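Residue numbers (the working numbering), protein chains in the order written: chain G, 1 to 334; chain U, 1001 to 1334.
Worksheet: the structure to be examined is printed underneath.
Protein chains: 2
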Amino acid sequence: MMKILTFLFFVIAIFSCKPQSEKGSSSSVEKTDPLPTWNEGQVKQSIISFVEAVTVETSPDFIKSADRIAVFDNDGTLWAEQPYYFQLQFAIDRVKALAPEHPEWKENKLIQAVLADDINTVLSFGEKGLMELIMTTHAGMTTDEFSQIVKDWIITAKHPKTGKLYKEMVYQPMLEVLDYLRANGFKTWIVSGGGVDFLRPWTEEVYGIPADQVIGSSIKAAYEMRDGKPVLIKLPEINFIDDKEGKPVGIYQYIGKKPVAAFGNSDGDLQMLQYTASNHLKSLCVYIHHTDSVREWAYDRESHIGKLDKGLDEAIAKGWTVVDMKTDWKKIYF
Amino acid sequence: MMKILTFLFFVIAIFSCKPQSEKGSSSSVEKTDPLPTWNEGQVKQSIISFVEAVTVETSPDFIKSADRIAVFDNDGTLWAEQPYYFQLQFAIDRVKALAPEHPEWKENKLIQAVLADDINTVLSFGEKGLMELIMTTHAGMTTDEFSQIVKDWIITAKHPKTGKLYKEMVYQPMLEVLDYLRANGFKTWIVSGGGVDFLRPWTEEVYGIPADQVIGSSIKAAYEMRDGKPVLIKLPEINFIDDKEGKPVGIYQYIGKKPVAAFGNSDGDLQMLQYTASNHLKSLCVYIHHTDSVREWAYDRESHIGKLDKGLDEAIAKGWTVVDMKTDWKKIYF
Chain G
1 MMKILTFLFF VIAIFSCKPQ SEKGSSSSVE KTDPLPTWNE GQVKQSIISF
51 VEAVTVETSP DFIKSADRIA VFDNDGTLWA EQPYYFQLQF AIDRVKALAP
101 EHPEWKENKL IQAVLADDIN TVLSFGEKGL MELIMTTHAG MTTDEFSQIV
151 KDWIITAKHP KTGKLYKEMV YQPMLEVLDY LRANGFKTWI VSGGGVDFLR
201 PWTEEVYGIP ADQVIGSSIK AAYEMRDGKP VLIKLPEINF IDDKEGKPVG
251 IYQYIGKKPV AAFGNSDGDL QMLQYTASNH LKSLCVYIHH TDSVREWAYD
301 RESHIGKLDK GLDEAIAKGW TVVDMKTDWK KIYF
Chain U
1001 MMKILTFLFF VIAIFSCKPQ SEKGSSSSVE KTDPLPTWNE GQVKQSIISF
1051 VEAVTVETSP DFIKSADRIA VFDNDGTLWA EQPYYFQLQF AIDRVKALAP
1101 EHPEWKENKL IQAVLADDIN TVLSFGEKGL MELIMTTHAG MTTDEFSQIV
1151 KDWIITAKHP KTGKLYKEMV YQPMLEVLDY LRANGFKTWI VSGGGVDFLR
1201 PWTEEVYGIP ADQVIGSSIK AAYEMRDGKP VLIKLPEINF IDDKEGKPVG
1251 IYQYIGKKPV AAFGNSDGDL QMLQYTASNH LKSLCVYIHH TDSVREWAYD
1301 RESHIGKLDK GLDEAIAKGW TVVDMKTDWK KIYF
C-alpha cells in the first residue's frame, strides 16, 4: 500500500510539476530547442547565451529591439560557395544563353573560356574577370527584366556536384539562427559581396529576408522613359563593392546603425565583424569555418574562394565564436 | 403610457444599436477620423479611398502588406523649406562654428558670404555652392561625430521667421498621413534630396521613420582603424544625389521594390511619382502645393526652392492628388 501511495505521489508530482515548468517564461527556452540541428556545446551555447543576455529586460546587457541588428554574409555563410560562387554559375549560364546574339564575343578570351566550360581559365581571370562577366551579363536591360531572369534561374539551376537546386544549398543550421534571432526581435540583414540584384528576387522566400534588408555589390542604374513608361536600366558601371572595408560602409549607408551580431566565413567579412565588435552594446561575432570535406567542403587559409586566414587569427585572438561545421552542425542542408 | 413605452423603445433602440455600429469593422473608419487636421473634400477623400481600396482583402485592388511601400520627400513635403533648405542653415551654422580653425577660408568668397550673413550671395552660388558647403562642413570627421553634431543642432536651432525649432516645423497633416498609412500596414520611407546623414539622427523621433527607412543624398565614407578602433570617416566626395532621376534609382537600390504611394512637392519629386504611378498595383501620387502665404509660404513655378512647374502640369494631366495647403489643411504645424 505504501508503495502504491509512493508511486501515486510520484505520478502526481510528475504530472503536476511538468505543466508548471512549461508555463514559466524563464524556462521557455528549455522547452523547445531553438537550434535543433546544432550539436550541444560551447558554440551553440555562445549564440543562445548572447540572445538571452540581450533580450531579458532585467539583464545588464539588455538591448532594445530597435538596436537588435544582425548582419549575415551570404556566400559560404548562409549557402555554399564551392567550387565557385553560385553567381558566377549564373553569369556563365547567361553568357551561354546570350552568346548567339553576340558574334563580337568571339574575340573575348574570357567569354570563350566560359563557352568551352574551361572553368580553370575563367577563374584565372580573378575578381576582375568575375566583374567583367557580371557587367557583360547583368547590364543593358531593365531591372524588371533582370529580376525575372534571376527568378527563372533560381528555380531551375542545379549544382554540378550535389544535383540540388542552388536555393536548396542553404545551411539549415543558419536558417534556424535567422528564425531564432527574428523570434527574439532582431532584424536580420544580408550583407553580401554578391550582387544585390541577384539576391533580392529570392531572399524573402528562402531566408525570410525581404528585398529592403539585402545589401550587396551593385552596378549603377539609370531612370528613363521607354514607350512612355518609366524604367530603370542596369548600366555596365560599378556602383558599390560590398566586400572587406566596403561591408561596414554598406551597413552604414543602408542601415545607418552599427550591428550587434555578425556572421561571416571569410576574410572578406573581417571588417564587418570588427565593426560589429566595436559596438558599445554587447555583440556577437561568428565565423563559420568550413571543416567538413565529406558533407560539404573543407577550406580556409589557402582557398581562392572564401579564404579565411587573417579572420581566423583575429577570431581566435578576440574570442569570437568559430563554428566548426563538421562537429557543430548535425546536418548541413534541409 | 404609450408615450412612455415609445420613449423607452427609443432609449433601448439607441443603446442597443450604438455598440453594434461601433463594433462593425466596416464602420471603424467612420468612428475616428484618421486625418483630423485635413478638411473634408476630394483631396482628403482620395487618400482615404486609396487606403481602403488596397487594404480590404475582398477589394479588387487589394495589396498585400509586404508591397505597401509609401515614399515621402522631406523638404517641403514633411517639413518646411523656406526661405531656404534647413540643411543649408545647418551648413551655415557649421561654417561659423568651424571658421576660427580655418584661416584659409578667408580666400573663399562663398564662405565669406556665409560669415557675412549675405544669404543672397550664398544662394547665387546655386546647387554647386550648396554642395560645396556640405562637403566643407560634413566631411573629414567620423560618422559618429557628425551624427552627434546633428543631434545637438536639431534640438536647439530655431527658424529665423517662426522662432520654432526646425523639427517643430513638420506638417501636422503629413504626420497624420504617416501614422494612418503605418496603421494600415504600410512601410513609410523618406526619399529626400537632402543628406541622409543629416536626416537619420532625428527622423525616428520626429516622423516615426527609423534610420534604415531613410534614403537621401550622401557623400562617400571610408572604413579605417583609429587607435585600434574601427571608424567610418566621411569623405569630401559625392556618393549619390537623391534628386529627380536619382529618386527612383535610390528607391530601387535601397528598397528593391516599386512604391504604391508617393508624396512630393517639387519637380525634383516628379520622377519618383512617375515611377510609383507605373506600378501595376493601384497607386496614389500626391503633390503638396504650397498655396498658403499667411500660415506658411506660397510658391510654385517661379520658386528657386521647391520649384513645382512640370510636376504640377503632369499632376493635373494625370489626375494625381494635389493638396492645396491653404484650403485642405486645418493647420500647418502642431
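Glycine included, C-beta positions come from ideal geometry on N, C-alpha and C.
Predicted, not measured: the structure shown is a model, and the values here were computed from it.
Closest by C-alpha distance to residue i, when choosing among the options
i	options	result
glycine 256 (chain G)	U:Arg1301, U:Val1294, U:Glu1296, U:Pro1210	U:Pro1210
isoleucine 1219 (chain U)	U:Lys1229, U:Lys1234, U:Tyr1207, U:Gly1228	U:Lys1234
histidine 1280 (chain U)	U:Gly1319, U:Thr1291, U:Lys1258	U:Lys1258
serine 46 (chain G)	G:Val322, G:Lys331, G:Phe334, G:Thr327	G:Val322
glycine 126 (chain G)	G:Ile305, G:Asp328, G:Thr327, G:Lys318	G:Ile305
glycine 268 (chain G)	G:Lys44, G:Ile155, G:Ser217	G:Ser217
alanine 222 (chain G)	G:Asp292, G:Asn265, G:Arg301, G:Met141	G:Met141
histidine 1138 (chain U)	U:His1159, U:Ile1238, U:Tyr1275	U:Ile1238
alanine 1070 (chain U)	U:Ala1277, U:His1289, U:Arg1226, U:Pro1103	U:Ala1277
arginine 226 (chain G)	U:Trp1105, U:Met1325, U:Tyr1275, U:His1289	U:Tyr1275
threonine 1188 (chain U)	U:Pro1060, U:Ala1262, U:Lys1282	U:Ala1262
isoleucine 1190 (chain U)	U:Val1206, U:Lys1229, U:Met1131	U:Val1206
glutamate 1132 (chain U)	U:Ser1293, U:Leu1110, U:Asn1184	U:Leu1110
isoleucine 63 (chain G)	G:Glu40, G:Glu296, G:Phe186, G:Phe86	G:Phe186
histidine 159 (chain G)	G:Tyr299, G:Thr327, G:Tyr84	G:Tyr84
asparagine 39 (chain G)	G:Thr327, G:Ile332, G:Phe334	G:Thr327
alanine 157 (chain G)	G:Leu312, G:Ala99, G:Ala53, G:Phe90	G:Phe90
proline 60 (chain G)	G:Gly311, G:His289, G:Phe334, G:Lys282	G:Lys282
lysine 310 (chain G)	G:Asn265, G:Lys330, G:Gln112	G:Asn265
lysine 1330 (chain U)	U:Gly1246, U:Met1135, U:Asp1292	U:Asp1292
tryptophan 153 (chain G)	G:Gly246, G:Leu284, G:Gln87	G:Gln87
valine 1294 (chain U)	U:Thr1055, U:Met1325, U:Phe1072, U:Tyr1180	U:Met1325
isoleucine 251 (chain G)	G:Lys229, G:Phe50, G:Gln213, G:Gly228	G:Gln213
glutamate 1104 (chain U)	U:Val1122, U:Thr1136, U:Ile1119, U:Thr1121	U:Thr1136
aspartate 1144 (chain U)	U:Glu1204, U:His1102, U:Val1231, U:Asn1120	U:Val1231
valine 1054 (chain U)	U:Ile1155, U:Leu1181, U:Leu1123	U:Leu1181
Chain G contact residues for residue i, given Cβ-Cβ distances below 8 angstroms
i	result
glutamate 1205 (chain U)	Within 8 angstroms Cβ-Cβ: nothing; glutamate 1205 (chain U) doesn't reach chain G, min ~12 angstroms.
Proximal residues of chain U, C-beta to C-beta of residue i below 7 angstroms
i	result
alanine 66 (chain G)	Pro1210
glutamine 148 (chain G)	Neighbours of glutamine 148 (chain G) on chain U: none; closest Cβ ~13 angstroms, over 7 angstroms.
threonine 143 (chain G)	Tyr1252
arginine 200 (chain G)	Gly1256
glutamine 274 (chain G)	Pro1230
Nearest-angstrom Cβ-Cβ length linking residue i and residue j, presumed shorter than 8 angstroms
i	j	result
aspartate 1067 (chain U)	valine 1260 (chain U)	7 angstroms
isoleucine 1215 (chain U)	aspartate 1242 (chain U)	6 angstroms
proline 1248 (chain U)	methionine 1272 (chain U)	6 angstroms
glycine 1076 (chain U)	isoleucine 1288 (chain U)	7 angstroms
asparagine 74 (chain G)	glycine 194 (chain G)	6 angstroms
valine 51 (chain G)	asparagine 184 (chain G)	5 angstroms
Contacts that residue i makes with chain G (C-beta to C-beta distance below 9 angstroms)
i	result
alanine 1221 (chain U)	Pro248, Val249, Tyr252, Gln253
Cross-chain neighbours of residue i in chain U, by beta carbon under 9 angstroms
i	result
proline 173 (chain G)	Those do not exist, as proline 173 (chain G) stays about 26 angstroms from chain U at its closest Cβ, beyond 9 angstroms.
valine 214 (chain G)	Gly1256
serine 278 (chain G)	Lys1229, Pro1230, Val1231
phenylalanine 218 (chain G)	Per the sequence shown, residue 218 (chain G) should be read as serine rather than phenylalanine. Those are Gln1253, listed as they occur along chain U.
glutamine 271 (chain G)	Tyr1223, Pro1230
glutamate 245 (chain G)	Ala1222, Tyr1223, Glu1224
7 angstroms Cβ cut-off: residues of chain G touching residue i
i	result
leucine 1232 (chain U)	Pro248, Val249, Tyr252
Neighbouring residues, chain U, relative to residue i (Cβ below 8 angstroms)
i	result
tyrosine 287 (chain G)	None at all; the shortest Cβ gap to chain U is about 17 angstroms.
beta-carbon residue i near the ligand ADP non-hydrogen atom, thresh 7 angstroms
i	result
glutamate 245 (chain G)	As presented, the structure is devoid of all ligands, the ligand ADP included, so that no description of it is given.
*Count the C-beta pairs between the stretch 148-164 of chain G and the stretch 89-96 of chain G that are closer than 8 angstroms, then say yes if the count reaches three, no if not.*
Per the Cβ contact rule, the stretch 148-164 of chain G is in contact with the stretch 89-96 of chain G (3 or more Cβ pairs under 8 angstroms).
*Pair every Cβ in the stretch 167-174 of chain G with every Cβ in the stretch 78-89 of chain G, then say whether three or more of these pairs are closer than 8 angstroms.*
Flag = yes, the stretch 167-174 of chain G and the stretch 78-89 of chain G touch.
*asked:* Using 8 angstroms as the cut-off, can you tell me whether the stretch 1196-1213 of chain U makes contact with the stretch 1309-1327 of chain U, which would need three or more C-beta pairs spanning the two stretches below that distance?
replied: The stretch 1196-1213 of chain U vs the stretch 1309-1327 of chain U: no contact.
*Tell me the start and end of each unbroken beta strand (DSSP E) in the stretch 23-104 of chain G that is at least 3 residues and wholly inside, in chain order.*
Segments of the beta strand (DSSP E) lying fully in the stretch 23-104 of chain G: 69-72.
*Taking only runs that begin and end inside the stretch 1226-1262 of chain U, name each unbroken alpha helix (DSSP H) of 4 or more residues, in chain order.*
You should have 1246-1254.
_What ranges does the beta strand (DSSP E) occupy inside the stretch 194-226 of chain G, keeping only unbroken runs of at least 3 residues that lie completely in it?_
DSSP assignment within the stretch 194-226 of chain G yields the following whole beta strand (DSSP E) runs of 3 residues or more, N-terminal first: 214-226.
*Touch check for the stretch 1155-1167 of chain U and the stretch 1036-1055 of chain U: three-plus C-beta pairs under 8 angstroms?*
No contact exists between the stretch 1155-1167 of chain U and the stretch 1036-1055 of chain U.
*Answer yes if the stretch 34-42 of chain G comes into contact with the stretch 172-187 of chain G, meaning at least three C-beta pairs across the two stretches below 8 angstroms, and no otherwise.*
Note that the stretch 172-187 of chain G touches the stretch 34-42 of chain G; at least 3 beta-carbon pairs, one per stretch, sit closer than 8 angstroms.
*Taking the runs of the alpha helix (DSSP H) that are 4 residues or longer, which of them lie wholly in the stretch 121-198 of chain G?*
For the stretch 121-198 of chain G, whole alpha helix (DSSP H) runs of length 4 or above, ordered along the chain, are 126-138, 143-154, 172-183.
*Tell me the start and end of each unbroken alpha helix (DSSP H) in the stretch 1277-1325 of chain U that is at least 4 residues and wholly inside, in chain order.*
Qualifying alpha helix (DSSP H) stretches, in chain order: 1310-1318.
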